[in-house]
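Asks:
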Amino acid sequence: MNILVPLDGSESSKKALLQACDIAKNYQSNLILIYIVDKPLSLNLLDRKEYLKILRKFGEKVLLNGKQTANLEGIDATVIMKEGNVANEIVKIAKNKKCNLIIVGSKGLGKTARFFLGSISNKLANNSPCSILIVK
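Be aware that the sequence shown starts at 1, since it is given in this note's numbering, and climbs by one per residue.
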């Protein structure tokens, strides 16, 4: 079984990761951690490049922390960073990696900082190729 866990650095996504580790241990599953850099359209080119650079660096830190957490729980997780529309990229990765479950946090860092409940979870619920577990 493959379990996909989108991370964004929020407490909610950390709870989702811990839940995913527990399920992965109990079902001898593969854990895939992802961070999606959401590309903004409204920034000018120079601001956009700098903003994306900051988001990539933050994403690397989030994925490293997530992998360390999984390792402490006895799970060897795969990490992936992608750029694009958050919901679309999650769905693409879930399909490509043949995931059986996506585990997400119920609230992210907010619209400006990024991610979750609202349009993202709604899009996932409607477009996901597999089951979704939303952790509160």
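Every residue, glycine too, gets a C-beta built ideally from N, C-alpha and C.
So what does T78 bridge to, in DSSP terms?
Replies: Reading the sequence shown from its first residue, position 78 is the one you call residue 78. I32, per the DSSP bridge assignment.
Asks: May I have the straight-line CA-CA distance separating A113 from I36, to the nearest angstrom?
Replies: For the purposes of this step, residue 113 is identified with residue 113 of the sequence shown, where counting begins at 1. For the purposes of this step, residue 36 is identified with residue 36 of the sequence shown, where counting begins at 1. Unreliable positioning characterises A113 in this predicted model, as indicated by a pLDDT of 40, which lies under 50. The coordinate reading is nonetheless provided below. A113 and I36: Cα-Cα distance of roughly 12 angstroms.
Asks: Measure the Cβ-Cβ separation of K107 and I93 and say whether it is below 9 angstroms.
Replies: Here residue 107 refers to the residue found at position 107 of the sequence shown. Here residue 93 refers to the residue found at position 93 of the sequence shown. In this structure, I93 does not lie closer than 9 angstroms to K107 by Cβ.
Asks: How is the alpha helix (DSSP H) around S12 delimited, first residue to last?
Replies: On the sequence shown, residue 12 is found 12 positions in, with the first residue counted as 1. From DSSP, the alpha helix (DSSP H) with S12 extends over 11-26.
Asks: Taking the CB atoms as reference points, tell me whether I134 and V5 lie closer together than 9 angstroms.
Replies: Here residue 134 refers to the residue found at position 134 of the sequence shown. Here residue 5 refers to the residue found at position 5 of the sequence shown. No. Outside cutoff.
Asks: Do the CB positions of K39 and N85 come within less than 9 angstroms of each other?
Replies: Translated into positions along the sequence shown, residue 39 becomes position 39. Translated into positions along the sequence shown, residue 85 becomes position 85. A contact, by the Cβ cut-off of 9 angstroms.
Asks: N85 lies in the alpha helix (DSSP H); which residues open and close that run?
Replies: Indexing the sequence shown from 1 puts residue 85 at position 85. Careful: N85 lies outside any alpha helix (DSSP H) and carries neither H nor E.
Asks: Residues bridged to L133 by DSSP?
Replies: Numbered from its first residue, the sequence shown carries residue 133 at position 133. Its beta-bridge partners are I103.
Asks: My assumption, with CB atoms under 8 angstroms, is that L101 sits in contact with I3. Please give the rounded CB distance.
Replies: Your numbering for residue 101 matches position 101 in the sequence shown. Your numbering for residue 3 matches position 3 in the sequence shown. Rounded, the Cβ-Cβ distance is 5 angstroms, consistent with contact.
Asks: Pull up the CB-CB distance for I120 and I34, whole angstroms please, since I reckon it's below 8 angstroms.
Replies: Walking along the sequence shown from the start, residue 120 turns up at place 120. Walking along the sequence shown from the start, residue 34 turns up at place 34. Actually they are not in contact, since the Cβ atoms of I120 and I34 sit about 13 angstroms apart, beyond 8 angstroms.
Asks: Grouping DSSP H, G and I as helix and E and B as strand, with all else coil, what is L4?
Replies: Taking the sequence shown and counting its residues from 1, the one referred to as residue 4 is at position 4. Here L4 sits in strand by DSSP.
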